[in-house]
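Notes follow once the structure below has been shown.
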Amino acid sequence: MGTKHLLAALACATVAAASVAAAKPAGNAAAGEGKSAACGGCHGPDGNNAPEMYAALKAPKLAGQVPEYIVKSLHDFKAARRSNEVMSPQAQAVAENDMADIAAWFGSQKVQPNPAQNKDLLALGEKIFMKGIGRPDIVAACIGCHAPNGVGNKNWSKVMSNPPAVLAPAIGGQHAGYISDQLKAYKTGKRATDPARVMRDITGRMSEKDIAAVAEYVATLGR
Ligand code: HEC
Ligand code: HEC
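Below, the structure is given as structure tokens:
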């Protein structure tokens, strides 16, 4: 990736350091396996729910997700910053002390990417992911924050001396329907958990076709 694209991506993230609550889970994955039994019914025991299960329940894959992001999301649901009629009550039931272990379990699993569904959209989706969208409605390249293959990034200080405080989730290999639903939720403002409005601003400049294409491409990425 060119430095230009990385900088373009990061320029959009003037994120206040304080806005990402420093969740530092030092969880125990082995303990988390047992504690996550209830989650597996929707997310899959190893965080890889099959496409049919996704179609029925709309629960995302959690395999290989950045543990800090899993904990952040549970807090967002618990505090009603994010709301979903199925997941919100589930989050209420998770004890604070169990979160890090559960996050460590799912985070240590390997995601199974999806086969391409709509090959016609892949080229456009790859272009948006790798390079973003040019003038007039400039969209930063997803790779700049979500990292190669969409593995996510919890610590930009490894890459930059003065990083924005961005906790970018893993998105590679996620269900395409989940990715596009979340992008639409940011676009309409229904989801507003993004520090510095980073995803609301980006999706505000994306068309329905852009969203469908990038979701399709990202879903096929292994990580
Ligand atoms: C009855 C089904 C169900 C169960 C059980 C369930 N979830 Fe969920 N979960 C969902 C759905 C549906 C969503 C998507 C919510 C949305 O679209 O905003 C979700 C979303 C999430 C997210 C957000 C992921 C992301 O990529 O943003 C996390 C984290 C999560 N669940 C963790 C858990 C954990 C941990 C457990 C077990 C304690 C659990 N879930 C149990 C259905 C479930
Ligand atoms: C400047 C950094 C940045 C860029 C560029 C960026 N993202 Fe994000 N993205 C984030 C952050 C930070 C979050 C987490 C926000 C939150 O907690 O709600 C996020 C969240 C998401 C989510 C929700 C994931 C989930 O599991 O719920 C999706 C999907 C997503 N981004 C896709 C994209 C796509 C596609 C692009 C390119 C068009 C992109 N992002 C570009 C920083 C970025």
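Using the numbering used here, the letters of the sequence shown correspond one by one to residues 26 to 248. Positions of the beta carbon are idealized from the N, C-alpha and C atoms, including for glycine.
Rounded to a whole number of angstroms, what is the C-alpha to C-alpha distance between alanine 201 and alanine 81? 14 Å
Report the option in His68, Arg216, Lys234 and Asn178 whose CA atom is closest to the CA atom of phenylalanine 102. Arg216
Serine 108, buried or exposed, once every other Cβ within 10 Å from all chains shown has been counted against 16: exposed
C-alpha distance - glycine 66 paired with glutamate 121, whole-angstrom precision: 21 Å
Quick one: Cα of glutamine 137 to Cα of leucine 246, how far? 9 Å
Of all the options Tyr203, Thr228 and Val239, which has the alpha carbon lying nearest to the alpha carbon of asparagine 74? Tyr203
Buried or exposed, going by whether 16 or more other CB atoms sit within 10 Å of the CB of lysine 234? exposed
What is the rounded straight-line gap between the Cα of threonine 228 and the Cα of tyrosine 79? 23 Å
Beta-ladder partner(s) of alanine 193, from DSSP: Asn178
Glycine 177 versus alanine 221: straight-line alpha-carbon distance, rounded: 18 Å
CA-CA distance, glutamate 58 and alanine 51? 15 Å
Using the Cβ count rule (16 or more neighbours within 10 Å means buried), how would you classify valine 111? exposed
Can we count valine 96 as close to ligand 1, meaning its CB is less than 6 Å from some heavy atom? no
One question on the structure: do lysine 60 and aspartate 126 come within less than 7 Å of each other, judged by their Cβ atoms? yes
Please name the residue or residues paired with isoleucine 158 in a DSSP beta bridge. Val164
C-alpha distance - glutamine 142 paired with threonine 213, whole-angstrom precision: 26 Å
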